[in-house]
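J.:
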Amino acid sequence: MDKRVVAAAVVVVVALAAFGGYRVSLRRQAVALENEIRASGAPVTLAELNAWYEQPPDGDNAARAYTQAFDALVDVGDNAEHLPVLGDAGLPRRTEPIAYEMRQAISRHLGANAAALELIEHAAGRPRCRFPIDLRNGLDTERPHLPQLRQTARLLMVQAVLAAHEQMKNAAYRALSTQLALVHALDDEPTMVSQLTRFDCAAVAVQTLEHVLNRTALAPGQISELIEGFQQLDEAHALARGLAGRRCFVLDAARNGGAFARYLGSQARWAPITARLWSWTGLLTRDRADCARWVTQLYYASQGHFPEGLQVADAVRAEVAGVPGWHSPLAERLVGPLPAAVETEARHRALMRLAFTALAVEQHRIAHGRPPETLSQLVPDILAWGPEDPCVDAAELLYQRTANGYVVYSRGLDGKDDGGAENVDLEKAWREGDLTLTVERSSTGRSP
Numbered sequence: 004m005d006k007r008v009v010a011a012a013v014v015v016v017v018a019l020a021a022f023g024g025y026r027v028s029l030r031r032q033a034v035a036l037e038n039e040i041r042a043s044g045a046p047v048t049l050a051e052l053n054a055w056y057e058q059p060p061d062g063d064n065a066a067r068a069y070t071q072a073f074d075a076l077v078d079v080g081d082n083a084e085h086l087p088v089l090g091d092a093g094l095p096r097r098t099e100p101i102a103y104e105m106r107q108a109i110s111r112h113l114g115a116n117a118a119a120l121e122l123i124e125h126a127a128g129r130p131r132c133r134f135p136i137d138l139r140n141g142l143d144t145e146r147p148h149l150p151q152l153r154q155t156a157r158l159l160m161v162q163a164v165l166a167a168h169e170q171m172k173n174a175a176y177r178a179l180s181t182q183l184a185l186v187h188a189l190d191d192e193p194t195m196v197s198q199l200t201r202f203d204c205a206a207v208a209v210q211t212l213e214h215v216l217n218r219t220a221l222a223p224g225q226i227s228e229l230i231e232g233f234q235q236l237d238e239a240h241a242l243a244r245g246l247a248g249r250r251c252f253v254l255d256a257a258r259n260g261g262a263f264a265r266y267l268g269s270q271a272r273w274a275p276i277t278a279r280l281w282s283w284t285g286l287l288t289r290d291r292a293d294c295a296r297w298v299t300q301l302y303y304a305s306q307g308h309f310p311e312g313l314q315v316a317d318a319v320r321a322e323v324a325g326v327p328g329w330h331s332p333l334a335e336r337l338v339g340p341l342p343a344a345v346e347t348e349a350r351h352r353a354l355m356r357l358a359f360t361a362l363a364v365e366q367h368r369i370a371h372g373r374p375p376e377t378l379s380q381l382v383p384d385i386l387a388w389g390p391e392d393p394c395v396d397a398a399e400l401l402y403q404r405t406a407n408g409y410v411v412y413s414r415g416l417d418g419k420d421d422g423g424a425e426n427v428d429l430e431k432a433w434r435e436g437d438l439t440l441t442v443e444r445s446s447t448g449r450s451p
């Protein structure tokens, strides 16, 4: 036999053996990864994820009442012209009066939705919530309740603002409390889009609070309850559940060739072939391990201290950006957007702290007849500690007295102190400028 043929055969055998060893090594790493995740108490498969989103007893589950409420919601219809937030009209600034036509439009819409609002308030009294979704479908899971929750948060906003304008402080307080319960309805739902919806509803609650505090004076007991409510939203680590769900989707994509093909693009004819090729070469297993590692880093960062979490998000973003798309097809689609979600959580925490700090200022104002000179005067009688700014290392939220009130603010994601200047450009407010909550109201009455 030709020596060259023998040499070529040896090379092929050695290459196949090396490739087989490489595949076995990757498989062992995959099994070790899954065991490590399970040991932490988190799910690995979609079936485990679905079971992780526990079903509470019917009497405790708010989802049924919320679903009935959503079915009862009445659309804006012909009421849109003068209806703010939900319709075409802009909501007046916090110190501006609400025009008669707008008050009438809000009243009509609230009246049309009276049955839905009653069911929503009833749902808010339930201790737990699990919407009827099947997470075994992965990214194809239908979540029709999410846009309805967003709509309901805004309906409660106009209800609270109108009540505050009319000095009906009890009604304004109830609407705010119901908003906070609405946010908690998504605490346990382990998908990223669910947690981003949760952040959106919480931000609407802070906007609502700012309008209410500028239009009426809440009672001390109501303020105490709301302080506790916003503190609970600040302390919840719900984004970690969304990241745990995304990690399951990543693992499923690598385990399930059909799912991987869908992530590549369901309309692409070459997607199934590419999925098989990536799987056979071991690239898919390698991609799976990298993506799971990145998601796990963000998972722990979201439960830790900020702004360290922002630094982890920046590091993951840089790593993902440095990997060629052909080498890691899952990364761009399933991991690429996640660092921005961690930034959104930092913003969420800042907003929750602005909310309960402003409420603490109001509590001080009731007790002493004027706002405090500094936030340190709130500790320890009203707040147990000075609220930290989650966007800046080792720094607290900032506070300034104004001619008619005060502003509490975070330096925002850029970390710069802009003096509490309000950023009216909502697109820029995500990454530039301060995050503010401003109250311009006399000690006991309406806005000036």
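FYI, the numbering used here numbers position 126 of the sequence shown as 129, with every residue one higher than the one before it. For each residue, glycine too, the CB sits at the ideal point set by N, CA and C.
1. Tell me which residues share the same chain as Pro-59 and place their Cβ nearer than 7 angstroms to its Cβ, disregarding the 5 neighbours each side in the sequence.
2. Mapping the DSSP letters down to three states, classify Pro-223 as helix, strand or coil.
3. Just reading off the beta strand (DSSP E) that Gly-408 is part of, what are its end residues?
4. As a quick exercise: from Arg-373, Cys-394, Asp-392, Arg-111, pick the residue whose alpha carbon is nearest that of Arg-444.
5. So is Gly-436 buried or exposed if we call it buried at 16+ other beta carbons inside 10 Å?
6. If you follow the alpha helix (DSSP H) that Glu-311 is in, where does it begin and where does it stop?
7. As a quick exercise: from Gly-93, Phe-233, Gln-151, pick the residue whose alpha carbon is nearest that of Ala-72.
8. Can you tell me where the beta strand (DSSP E) with Val-442 in it begins and where it stops?
9. Please report the straight-line C-alpha distance between Tyr-56 and Ser-180, rounded to a whole angstrom.
10. Ala-65: which of Thr-98, Asn-426, Ile-123 sits nearest, CA to CA?
11. So Tyr-412 and Leu-438 are supposed to be a Cβ contact under 8 angstroms. How far apart are they, rounded?
12. Terminal residues of the continuous beta strand (DSSP E) containing Thr-165?
13. Curious, which full-length alpha helix (DSSP H) runs of at least 4 residues does the segment 84–140 contain?
14. Once you ignore the five residues that flank Val-253 on each side, which residues in its own chain have a CB closer than 8 angstroms to its CB?
15. Judging by CA-CA distance, which residue of Asn-407, Gln-403, Ala-206, Ile-226 is the nearest neighbour of Gly-423?
16. Please classify Gln-270 as buried or exposed, where buried requires at least 16 neighbouring CB atoms within 10 angstroms.
17. Let me confirm a value: Glu-2 is counted as buried when at least 16 other C-beta atoms fall within 10 Å, else exposed. Which label applies?
18. Cα separation between Gly-90 and Asp-384?
19. Can you give me the C-alpha to C-alpha distance between Ile-230 and Gly-44, rounded to a whole angstrom?
20. Count the other CB atoms, across all protein chains shown, that sit within 10 Å of the CB of Glu-348; report buried if there are 16 or more and exposed otherwise.
21. Using a threshold of 8 angstroms, state whether the C-beta atoms of Gly-389 and Val-395 are closer than that.
22. If we call anything under 8 angstroms between Cβ atoms a contact, is Arg-352 one with Asp-237?
23. In its own chain, which residues sit with a C-beta less than 8 angstroms from the C-beta of Asp-191, not counting the 5 before and 5 after it?
24. For Arg-3, which residues of its own chain have a beta-carbon under 6 angstroms away from its beta-carbon, when the five flanking residues on both sides are left out?
25. Assuming Val-164 contacts Leu-94 under a Cβ cut-off of 8 angstroms, what Cβ separation, rounded to an integer in Å, is found between them?
26. Do you know offhand how far Leu-86's Cα is from Ala-398's?
27. How big is the Cα-Cα spacing for Arg-368 and Ala-50?
28. What's the call for Glu-311, buried or exposed, on a 16-neighbour Cβ count within 10 Å?
T.: Taking the geometry as given:
1. One-based indexing of the sequence shown puts residue 59 at position 56. Closer than 7 angstroms at Cβ, skipping near neighbours: Arg-131, Arg-133.
2. Translated into the one-based positions of the sequence shown, residue 223 becomes position 220. Helix, per DSSP.
3. Numbered from 1 along the sequence shown, position 405 holds the residue referred to as residue 408. Counting along the chain, the beta strand (DSSP E) containing Gly-408 begins and ends at 408–413.
4. Counting from one through the sequence shown, the residue named residue 444 turns up at place 441. Comparing Cα positions, the closest option is Arg-373.
5. One-based indexing of the sequence shown puts residue 436 at position 433. Buried, since its Cβ has 16 or more Cβ neighbours within 10 Å.
6. Numbered from its first residue, the sequence shown carries residue 311 at position 308. Unbroken alpha helix (DSSP H) run through Glu-311: 311–324.
7. Here residue 72 is taken as the residue at index 69 of the sequence shown, counted from 1. When each option's Cα is compared against that of Ala-72, the closest is Gln-151.
8. For this step, residue 442 is matched to residue 439 along the sequence shown. Where Val-442 is concerned, the enclosing beta strand (DSSP E) stretches over 438–443.
9. As a position in the sequence shown, residue 56 is number 53, starting the count at 1. As a position in the sequence shown, residue 180 is number 177, starting the count at 1. One C-alpha to the other measures close to 25 angstroms.
10. Stepping through the sequence shown from its first residue, residue 65 is reached at position 62. Closest option to Ala-65, Cα to Cα, is Ile-123.
11. Counting from 1 along the sequence shown, the entry for residue 412 is found at position 409. Counting from 1 along the sequence shown, the entry for residue 438 is found at position 435. With a Cβ gap of about 6 angstroms, Tyr-412 and Leu-438 count as contacting.
12. Translated into the one-based positions of the sequence shown, residue 165 becomes position 162. Sequence check: residue 165 is Leu here, not Thr. Where Leu-165 is concerned, there is no enclosing beta strand (DSSP E), although the alpha helix (DSSP H) it sits in stretches over 148–168.
13. 103–115, 117–127
14. Translated into positions along the sequence shown, residue 253 becomes position 250. Answer for Val-253: Arg-291, Cys-294, Ala-295, Val-298, Leu-333, Leu-337, Val-338, listed in chain order.
15. Position 420 of the sequence shown, counted from the first residue, corresponds to residue 423. Of the candidates Asn-407, Gln-403, Ala-206, Ile-226, the one whose C-alpha sits nearest the C-alpha of Gly-423 is Gln-403.
16. As a working mapping, residue 270 is identified with position 267 in the sequence shown. At Gln-270 the pLDDT is 42, less than 50, meaning the model places this residue with poor confidence; the figure from the coordinates comes in the next sentence. By the neighbour-count rule (16 or more Cβ atoms within 10 Å), Gln-270 is not buried but exposed.
17. There is no way to answer for residue 2, as the model of the chain reaches only from 4 to 451.
18. Position 87 of the sequence shown, counted from the start, is the residue given in the question as residue 90. Position 381 of the sequence shown, counted from the start, is the residue given in the question as residue 384. Distance between the alpha carbons of Gly-90 and Asp-384 is about 42 angstroms.
19. On the sequence shown, residue 230 is found 227 positions in, with the first residue counted as 1. On the sequence shown, residue 44 is found 41 positions in, with the first residue counted as 1. So the two alpha carbons sit approximately 31 angstroms from each other.
20. The sequence position of residue 348 within the sequence shown is 345, counting from 1. With 16 or more other Cβ atoms within 10 Å, it is buried.
21. What you label residue 389 is simply residue 386 of the sequence shown in a count that begins at 1. What you label residue 395 is simply residue 392 of the sequence shown in a count that begins at 1. In this structure, Val-395 does not lie closer than 8 angstroms to Gly-389 by Cβ.
22. Here residue 352 is taken as the residue at index 349 of the sequence shown, counted from 1. Here residue 237 is taken as the residue at index 234 of the sequence shown, counted from 1. Yes.
23. The count along the sequence shown starts at 1 and reaches residue 191 at position 188. Here the set comprises Tyr-56, Glu-57, Arg-131, Cys-132, Arg-133, Ala-241, Arg-244.
24. Because the chain in this structure spans residues 4 to 451, residue 3 falls outside the shown range and cannot be described.
25. Residue numbering aside, residue 164 sits at position 161 when the sequence shown is read from its first letter. Residue numbering aside, residue 94 sits at position 91 when the sequence shown is read from its first letter. Right, the Cβ-Cβ distance comes to about 7 angstroms (below 8 angstroms), so this counts as a contact.
26. Position 83 of the sequence shown holds residue 86. Position 395 of the sequence shown holds residue 398. In a straight line, the C-alpha of Leu-86 is about 40 angstroms away from that of Ala-398.
27. Looking up residue 368 in the sequence shown gives position 365. Looking up residue 50 in the sequence shown gives position 47. Near 52 angstroms, if we compare the C-alpha coordinates of Ala-50 and Arg-368.
28. Numbered from its first residue, the sequence shown carries residue 311 at position 308. The residue in question, Glu-311, is exposed, as its Cβ has fewer than 16 Cβ neighbours within 10 Å.
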